[in-house]
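Read through the structure below, which is laid out as structure tokens, and then see the notes.
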Amino acid sequence: MEKNIFVIAALAISILVTLFTFGPNFMISLAGFIVVLLVAGGLYFTKHLDKRESLLVVVLWFVFVICFYLYFSSGVQLAKGQGTVLSDNWFNALNWVRNNTAECTVVATYWDPGHFITGIGRRAVVFDGASQGDLYTRPSSSVQEGLVVEKHDSNINHIVLYKDGNKTTARIQDISTTLLTSNETLAVEILKEYRKPGCNEMYYIASADLIGKSTWWTYFATWNPVDKRGTPYVYSTVPLGQARPDIRQNAIIYTYPISQQESFVLYDSNGTLTVFFQQQDVPEPLKVEKFLYFDQTGQGRLYTQSDAKIQGLVWIEPGNRAILFIPPQLENAMFTRMFLFNGQGLEKFEYVNNWGGEVKLYKVKFD
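In the numbering used here, each number is its position in the sequence shown, counted from 1, plus 4.
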């Protein structure tokens, strides 16, 4: 029994040494191996273990090392290379929410950061990862009965079930609709039903990650029960591929390739800008309807091009390092207006704060 304890202790020490010395540094890993040999050898020479038992410790250790390297080492290295789940901008924003809003406040946004809002910000949310598929039922004064598909702008299909004096909607479609619609009144009407009883406080977060997730929230906002599918719209981020001079025209041509056959082209001739969409098999480039350009002072200027064949808006990053193509369905979306235009022109969504250009907070005004 005593020898079994020594075997187990020796193996445990060997495994711990392996875990703490594992890494890309060969000398440190070698030192760990030597420590294991010393442990097994020391117990043998002090007669706590016989030769067979000392060998057993080394063999079991080798088995562990092989399994560790084959199945766990890549995960360990990946975990070591990861930073925090939330950026400093998110931490600062959620701490601000916790310290500067009423306890009865509800924070509305897409579901992904829901648990962080409740955990760090200490505020209720419309939905989170655990409730993204949930329905929301509340009393209704409507005389309608049955399933109703409310048609709105940007191909939105807002599905509502009226039954026995109640109204039921999907939480994910409600918030997706508030992101996609250009109708501020519609967004407020949806959000006001998520307030806590006796409390009028609600804030809305527009964050940078929702640009890449537009595929999903536009899909859910446009989903309809007939086809049982939605229509995804996306913001297309395209980095600068090439900048070359056109000496004859005293201009610079900036190319933003979408694929090998298609690209956006910014033509800058002595400060006069033109934005085109170029296709490989089409000899004449097509003008894009609108583009927004930032001058040297950081002031954004919106231009409309006549005779444009491509609808939508090209948002040109300062320094021309990248563009964001916004299709017409998203051009006036509430998310676009809140995140890219800082709420300009909105009456019911009051701009509150901005953390690093990543997280933007608005207060929803119901009065």
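Built from N, CA and C at the ideal position, the CB exists for glycine as well. Values in this document were obtained by computation on a predicted structure and should not be read as measured data.
Run of the beta strand (DSSP E) containing residue i, from where it starts to where it stops
i: tryptophan 359; result: 353-359
i: phenylalanine 370; result: Element bounds for phenylalanine 370: n/a, residue is neither H nor E.
i: alanine 97; result: Premise fails: alanine 97 lies in the alpha helix (DSSP H), 92-104, not in any beta strand (DSSP E).
Beta-carbon spacing of residue i, residue j below 9 Å
i: tryptophan 221; j: phenylalanine 343; result: no
i: glutamine 282; j: leucine 290; result: yes
i: threonine 113; j: valine 101; result: no
i: leucine 334; j: leucine 190; result: no
i: isoleucine 257; j: tyrosine 271; result: yes
i: valine 192; j: lysine 364; result: no
i: phenylalanine 120; j: leucine 98; result: yes
i: glutamine 253; j: glutamine 265; result: no
i: isoleucine 320; j: valine 269; result: no
i: lysine 200; j: valine 110; result: yes
i: asparagine 161; j: asparagine 228; result: yes
i: threonine 241; j: alanine 337; result: no
i: phenylalanine 370; j: lysine 232; result: no
i: glutamine 309; j: proline 331; result: no
i: asparagine 93; j: glycine 361; result: yes
i: glycine 234; j: phenylalanine 224; result: yes
i: glycine 133; j: glycine 118; result: yes
i: valine 147; j: isoleucine 163; result: no
i: threonine 105; j: glutamate 205; result: yes
i: tryptophan 115; j: isoleucine 179; result: yes
i: tyrosine 307; j: alanine 210; result: no
i: arginine 126; j: glutamate 107; result: yes
i: serine 144; j: asparagine 170; result: yes
i: serine 273; j: aspartate 299; result: no
i: asparagine 159; j: tryptophan 359; result: no
i: leucine 90; j: isoleucine 124; result: yes
i: threonine 181; j: histidine 156; result: yes
i: asparagine 324; j: alanine 255; result: no
Residues that DSSP places opposite residue i in a beta bridge
i: aspartate 272; result: Ile256, Leu277
i: glutamate 266; result: Gln283
i: leucine 350; result: DSSP, once it has assigned bridges, lists no residue as partnering leucine 350.
i: tyrosine 366; result: Tyr208, Tyr355
i: proline 261; result: Ser267
Inter-residue CB distance, residue i and residue j (contact presumed, cutoff 8 Å)
i: tyrosine 208; j: arginine 175; result: No, tyrosine 208 and arginine 175 are not in contact; Cβ-Cβ is about 15 Å, not under 8 Å.
i: leucine 328; j: phenylalanine 295; result: Going by Cβ atoms, the distance from leucine 328 to phenylalanine 295 rounds to 10 Å, so no, they are not a contact pair.
i: tyrosine 239; j: serine 267; result: Between serine 267 and tyrosine 239 the Cβ distance is about 17 Å, and since that is not below 8 Å, they are no contact.
i: tyrosine 260; j: glycine 275; result: Between glycine 275 and tyrosine 260 the Cβ distance is about 19 Å, and since that is not below 8 Å, they are no contact.
i: alanine 312; j: glutamate 288; result: In fact, because the Cβ distance is near 13 Å, the residues do not count as touching under 8 Å.
Exercise. Return the chain-ordered ranges of every alpha helix (DSSP H) run that is complete within the segment 123-192 and spans a minimum of 4 residues.
Key: Within the segment 123-192, the complete alpha helix (DSSP H) runs of at least 4 residues are 175-184.
Exercise. Starting from the N-terminal side, write out each stretch of the alpha helix (DSSP H) that is 4 residues or longer and does not extend beyond the segment 183-255.
Key: The segment 183-255 contains, as complete alpha helix (DSSP H) runs of 4+ residues, the segments 188-195, 213-216, 218-226 (chain order).
>> What ranges does the beta strand (DSSP E) occupy inside the segment 275-347, keeping only unbroken runs of at least 3 residues that lie completely in it?
In response: As far as the segment 275-347 is concerned, its whole beta strand (DSSP E) runs of at least 3 residues are 276-283, 290-298, 304-308, 314-320, 326-330.
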